[in-house]
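K.L.:
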Amino acid sequence: MSTTMVAQSLASGILVGALYGLAAVGLSLVFGVTKILNVSHGELLMLGGYTSFWLFTLMGVDPFAGIPLSMFALVIIGLIVYQLLFSRLIKLPTEDKIRTSLLVGFGLGLVLQNVALRLWTADNRGITPSYAGAALTILGVRLPYVRVASLVIAFVFLVALQLFLQKTYTGKAIRATAQDWEAATLMGINVYRVYLLSFVLGTALAGAAGTLVAVGYSVEPVMGLHWTLKALIVLVMGGIGSIAGTLVGGLILGVTESAAAVWISGNYRHVVGLVIFILVLLVRPQGLFGAKEG
Amino acid sequence: MRTEKVMAIMTVLLVGALLVGCGPATPTPTQAPPTVAPTKAPPTAEPTKAPPPAPEYIEFGASIPLTGKYGALGAMVKPGYEIAVADINAQGGVYVAEYGKKIPIRLTIYDDESDPTKAVSKLETIYAEQNPVIFLGGAASDMHAATAAVAEKYKVPYLGIAFALYSIHQQGYRYLFSPFPKSPAQARDVFEILNASIPEGERPTKVAIFQETTDWGIELGNLWKENAPKYGYEVVVYETYAPRTEDMSAMILKAKEAGAETLLTVPAPPDGITMVKQMAELGWTPKFTLMIRAPENVTWGETMGKNGDYVTIFPGWHHAENFPGVAELNAKYQAQFGRPADLLTGPAYACVQIAAAAIEKAGTLDREAIRDAIAAINMMTVVGPVTFNADGTGNVLNPLVQWQNGKQELVWPPEHASAPLAYPAVPFDQR
Amino acid sequence: MTAKKGISLALLAVGVVVLLLIPRLGVSDSLLNLLILMFIYTMLATSWNILGGYTGQINLGHAAFFGLGTLAARMLYTAGRPLPLALLVAGIVPAVFSMLIGVPAFRLRLRGDYFTIGTLALSQILYITVGNVLPKITYLPMADIQNYQILPRYYIILALTLFTIGAAYALVKSRLGLGLVAVRENEDAAESLGVNAFAHKLLALAVSAFLGGLAGGAYAYYQASYYFNYTFSPPWSLEPVNMAFIGGVGTIHGPIIGAVFFVLLKEWLVLKVGEYHLIIFGVLFILVVLFLPGGLVEAWERIRRVIVRRTRAKVTVSPACARDNGLPGN
């Protein structure tokens, strides 16, 4: 096995991992702030992918240029879903909220899957722009532009989100609500609006991730659970609500999977990720980068 | 105290249920006939009598995956059955000698959600409610493996396509018939076609096999590995992967480093798409690619763009085959879906043709007689001439289809071909 | 109270007798198959409910137990071992396996949501691994298929189902059951009263796994052919949760009602709306979760209360009625 190959696998792992991170960050944000565990996150991601697929095939919109549009579409969907369903759970005690949102998310996922099946058939759809396949070669390692762009986009989104949460008033309100919603209410923060905002932000990020999945891979109605699971793994590894942790968690997952494919067997790449995940759960349940909770 | 009482009641019930349950288990079942005698009986048992009142319909039952992961396959199969039934009924139905008249076919289709357990329960329902003389299968090997057992249970002849897994046919199923190419043919034909179409010296003799860890993937992978040296090919890379893999770079790089010129693989659609995308990104273009399954979807061309070209498939059928009835089928499909018939539509259509011909030949709606008629069939269909082996596999044409300029072209056999085999593949970055 | 219990017992007895007699009434095999499906789902939902409903630990990986049960039973049965042994092992294997996860998870007092996600991941690990190690279809012996007998399967699975319900009932009504509920309501308070939360949760997990595995054993005996890893796939985890919630979580009859309702509704929707049935099913499911958090059992309770109130109001206003009115509305 040549060193180039190892380097290439490492690079591929990082490129995949960034996408895992982006796929997970929306889920993490929503869960961290609202304590809604939306297991239909993968289905929302799927809708983002289909939106950009439609934009590309029907209107010729380049997928990367179309990201804002697919995010916007997901904002609308997020608003509807939140107002119709999840807003009803907001006042429940935390444990009940998690449990009920899980079930609602499951039902929603089922509905979205089958709506997608009606709209786009069961075929796998993907976007292959003219520049797909072109790559930058550094020391024999090929870095496909499309995937590098995905990495950059994921990184930009995560940094922007982090800055938003750190620097702006609204961002601070979101963080305050995540820490202690009762105290936040006393400080004059409208927590209901914060919940809504966080949820919609989460679905918008799913929209962006979905577009990148459609470019790098493909989308199909039954893909949701697979991506929800990846996102959950990354979320727990990175620590709930930690943006930087989510990115690093994603990268770790991506690199471990690639390493497993090289040194163990392609058959067990998913298993290795899951096993690490369970170990993290048991040894460091607050996540690799999460702060210890009270 | 209370607990003990409940436990006592439960134990009594349990024992009672077991006793009742074991009762009928030991005596011979009500409908189980002596296995040999009745197969020969029906033809002679009915002497010249006035024909009995004919049933209103000949019942066919099908359970097809219309939703779930095999939905794309089911979507190609269903219209094939429906158009065939409509065509036969337009002629008045199937002539059944026993009743001295033509009887139309009634086809009952249920969606099994790509779930083998549900498929079984759907066929059970159809059996109970329609009492069908023929079962038509859905798609994909795991679905067929489950549903063929129902056919076996009730002794209903079962015609199924859209699966190449050979091991199903080695279970001793008597009622399962599949007019569809199987793994052994696919593993042999690829090398024969290559050797017949490419002069020695230019052949892509270094082979990479990417084997999916599923029974069909393993079956075909092993057969390819076994056959390659017989035809002058060398397997330089044999890699395995689990379904739904995001990163195939390790496999692709090994193939690239080994200088492989041919890729043989059977990925599911999402994996096939990822594979070709990453092959393009990593700059590995095999001169010849046989990728069964993923590129069968009609949307492959749209999804992959130019990178989807040059890939070949063994789909079992193609609408360019010039057998009788294909042009009419294409016209009807075109009217409904705006394109010529899809790859699985022809074989599905042929299943109904075979079933109808067998019923006519049997001259009765007795399922055992129909089964024997299917087993002995020798007829022309939209997939060409069909006969069956003792294990239920069909002797059918195994055409090779290649994606060229975003279209599926039939490239083998030459007498049906719509385009010649494009070889070698142009490297991804020069397309 | 006692009168009510008497009625329930009578209803139960009638139900069981009907189920015992149904195959004698010359009904079609398809009805028996539908009933068997209901039995297996009832076992799954009931076994899930022991952990999920009574201790509040939501397990999203019940397929791991079900799958291990099918695997063990199928291996033994197709190897020619007697059925009772196969069924017993089908329960024991997942029960032992559950200890491997239960001990660390409960010892560390893993948060509920982490337990939930962890079990989901665990079932996924088994799903993929079994798919890798045994990537093939398992068939019942050909002699079994060609002479497939539904009746013994019907009665044996019915017996297993009654056993599962009985075991769940016995556990829940025992001192242990009260301990479980105490742990669910407030773990710290329960501990301070001398309830060993760790042991209670572990026991609930083991029983849940054993009975889930038994359901797997029933499936392995029933189903003619399937992929080995199919029984580890996510639907087998998610559907029992659905059924328990639809019926009414944390009650004995809830999961049973849920399973029956689930199977019938799906069957009916498939016939009525064809390819759209899953959309409608999803919507109905969400509605139940949002507006009937106690499931059908609670809905029935509410209706019953309204009826009782109406009829009593006509006579006199009794203190009992006032108490009924005082119950929380949602």
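Protein chains in written order, with the numbering used here: chain Z, 1 to 294; chain V, 295 to 725; chain D, 726 to 1055.
Glycine residues also receive a C-beta, built at the ideal position from the N, C-alpha and C atoms.
Is there at least one Cβ from chain D nearer than 8 Å to G294(Z)'s Cβ?
P.N.:
Low confidence applies here, because G294(Z) scores a pLDDT of 35, under 50, leaving its location unreliable; read the following figure in that light. So, not an interface residue.
K.L.:
Note down, one range per segment and in chain order, each beta strand (DSSP E) of at least 3 residues found wholly within the region 552 to 629 of chain V.
P.N.:
Entirely contained in the region 552 to 629 of chain V, the beta strand (DSSP E) runs reaching 3 residues are, in chain order, 556 to 559, 582 to 585 and 605 to 607.
K.L.:
Between which two residues does the alpha helix (DSSP H) carrying F31(Z) extend?
P.N.:
T3 to T34 is the span of the alpha helix (DSSP H), which, as asked, contains F31(Z).
K.L.:
From the DSSP output, read off the bridge partner residues of A135(Z).
P.N.:
Answer is P144(Z), bridged to A135(Z).
K.L.:
Whose C-beta lies closer than 6 Å to the C-beta of I982(D) among residues of the same chain, with five residues either side of it excluded?
P.N.:
Contacts found: G972 and L1021.
K.L.:
Would you say the region 75 to 92 of chain Z touches the region 773 to 783 of chain D, given that touching needs at least three Cβ pairs under 8 Å?
P.N.:
No, because fewer than three Cβ pairs between the region 75 to 92 of chain Z and the region 773 to 783 of chain D fall closer than 8 Å, the two stretches do not touch.
K.L.:
Looking at chain D, is there any beta carbon in it that lies within less than 8 Å of the beta carbon of Y535(V)?
P.N.:
By this cut-off, Y535(V) is not an interface position.
K.L.:
Taking CB distances under 8 Å as the criterion, tell me whether D123(Z) reaches chain C.
P.N.:
This model lacks chain C altogether; the protein chains it does include are Z, V and D.
K.L.:
Expressed to the nearest angstrom, what Euclidean distance is found between the alpha-carbon atoms of L743(D) and A770(D)?
P.N.:
The identity of residue 743(D) in the sequence shown is Val, whereas the question assumes Leu. Taking the straight line from one Cα to the other gives about 22 Å.
K.L.:
Take P726(V) and list the residues in its own chain whose beta-carbon comes closer than 7 Å to its own, dropping the five residues that flank it on each side.
P.N.:
This structure does not reach residue 726(V), given that chain V is present from 295 up to 725, and the question cannot be answered.
K.L.:
Would a check of beta-carbon distances place L117(Z) closer than 8 Å to chain V?
P.N.:
Chain V contact via Cβ: present.
K.L.:
Under 7 Å Cβ-Cβ, which residues of chain V neighbour Y952(D)?
P.N.:
Simply D436.
K.L.:
So, helix, strand or coil for E496(V), using DSSP?
P.N.:
Looking at E496(V) - three-state DSSP - the assignment turns out to be coil, as it is neither helix nor strand.
K.L.:
Hey, F474(V) and P641(V) are a contact pair by Cβ (cut 8 Å); roughly how many whole angstroms apart?
P.N.:
At roughly 6 Å, the Cβ-Cβ gap stays under 8 Å, so F474(V) and P641(V) are in contact.
K.L.:
Going along chain D, which residues have a C-beta under 8 Å from I252(Z)?
P.N.:
Result: empty, since nearest Cβ-Cβ is about 15 Å, beyond 8 Å.
K.L.:
Here's the rule I'm using: 16 or more other beta-carbon atoms within 10 Å means buried, otherwise exposed. How should E520(V) be labelled?
P.N.:
Exposed is the call here.
K.L.:
Going by DSSP in three states, F199(Z) sits in which element: helix, strand or coil?
P.N.:
Of the three classes helix, strand and coil, the one that applies to F199(Z) here is helix, per DSSP.
K.L.:
So which of I546(V), V592(V), Y604(V) and H463(V) has the shortest CA-CA distance to G577(V)?
P.N.:
Measuring from the Cα of G577(V), the nearest candidate turns out to be I546(V).
K.L.:
Name the DSSP bridge partner or partners of L430(V)?
P.N.:
Per DSSP, A356(V) and L453(V).
K.L.:
With distance defined between alpha-carbon atoms, name the residue in T203(Z), L201(Z), A178(Z) and V200(Z) nearest to V191(Z).
P.N.:
Per the Cα distances, A178(Z).
K.L.:
From the DSSP output, in three-state form, read off G1051(D) for me.
P.N.:
Because the pLDDT of G1051(D) is 36, which lies under 50, any placement of that residue in the model is unreliable, and the number read from its coordinates should be weighed accordingly. Three-state DSSP puts G1051(D) in coil, outside helix and strand.
K.L.:
Using 8 Å as the limit for Cβ to Cβ distance, is F986(D) near chain Z?
P.N.:
With 8 Å as the cut-off, F986(D) does not count as an interface residue toward chain Z.
K.L.:
Which of helix, strand or coil does DSSP assign to A65(Z)?
P.N.:
Residue state, collapsed to three classes: coil.
K.L.:
Does I977(D) come within less than 8 Å of chain V when only Cβ atoms are used?
P.N.:
Not an interface residue.
K.L.:
Can the beta-carbon of T507(V) be found closer than 8 Å to that of A536(V)?
P.N.:
Taking 8 Å as the Cβ cut-off, T507(V) and A536(V) qualify as a contacting pair.
K.L.:
Measuring CB to CB, does G902(D) end up less than 8 Å from V920(D)?
P.N.:
Cβ atoms of G902(D) and V920(D): not closer than 8 Å.
K.L.:
Can you tell me which of the three DSSP states A325(Z) falls into?
P.N.:
No information on residue 325(Z) is available, as it lies outside the stretch 1 to 294 that chain Z covers here.
K.L.:
With 16 other CB atoms within 10 Å as the buried threshold, where does G48(Z) fall?
P.N.:
By the 10 Å Cβ count, G48(Z) comes out buried.
K.L.:
Please compile the residues from chain Z whose C-beta is within a distance smaller than 7 Å of the C-beta of G778(D).
P.N.:
Going along chain Z, no residue has its Cβ under 7 Å from G778(D), so there is no contact; the nearest lies around 11 Å.
K.L.:
Report yes if the C-beta distance between F790(D) and G938(D) is below 8 Å; otherwise report no.
P.N.:
In this structure, G938(D) lies closer than 8 Å to F790(D) by Cβ.
K.L.:
Give the residues from the region 213 to 226 of chain Z that approach chain V closer than 8 Å (Cβ to any Cβ), ordered along the chain.
P.N.:
Listed in sequence order: G216, Y217, S218, E220, P221, V222, M223 and H226.
K.L.:
Have a look at I867(D) and L936(D) and give me their C-alpha separation to the nearest angstrom.
P.N.:
What sits at residue 867(D) in the sequence shown is Met, not Ile. Near 28 Å, if we compare the C-alpha coordinates of L936(D) and M867(D).
K.L.:
Look at the Cβ atom of T863(D), then the Cβ atom of F953(D), and state whether they are nearer than 8 Å.
P.N.:
A contact, by the Cβ cut-off of 8 Å.
K.L.:
Applying a beta-carbon distance threshold of less than 9 Å, which residues of chain Z neighbour N857(D)?
P.N.:
Ordered by position in chain Z, the residues that pass the 9 Å Cβ test against N857(D) are S265, N267, Y268 and V271.
K.L.:
Could you pull the start and end residues of the alpha helix (DSSP H) that D409(V) belongs to?
P.N.:
From DSSP, D409(V) is part of no alpha helix (DSSP H); its letter is neither H nor E.
K.L.:
Would you say L288(Z) reaches chain V, if we count a Cβ-Cβ gap shorter than 8 Å as a contact?
P.N.:
Judged by the 8 Å Cβ criterion, L288(Z) is not in contact with chain V.
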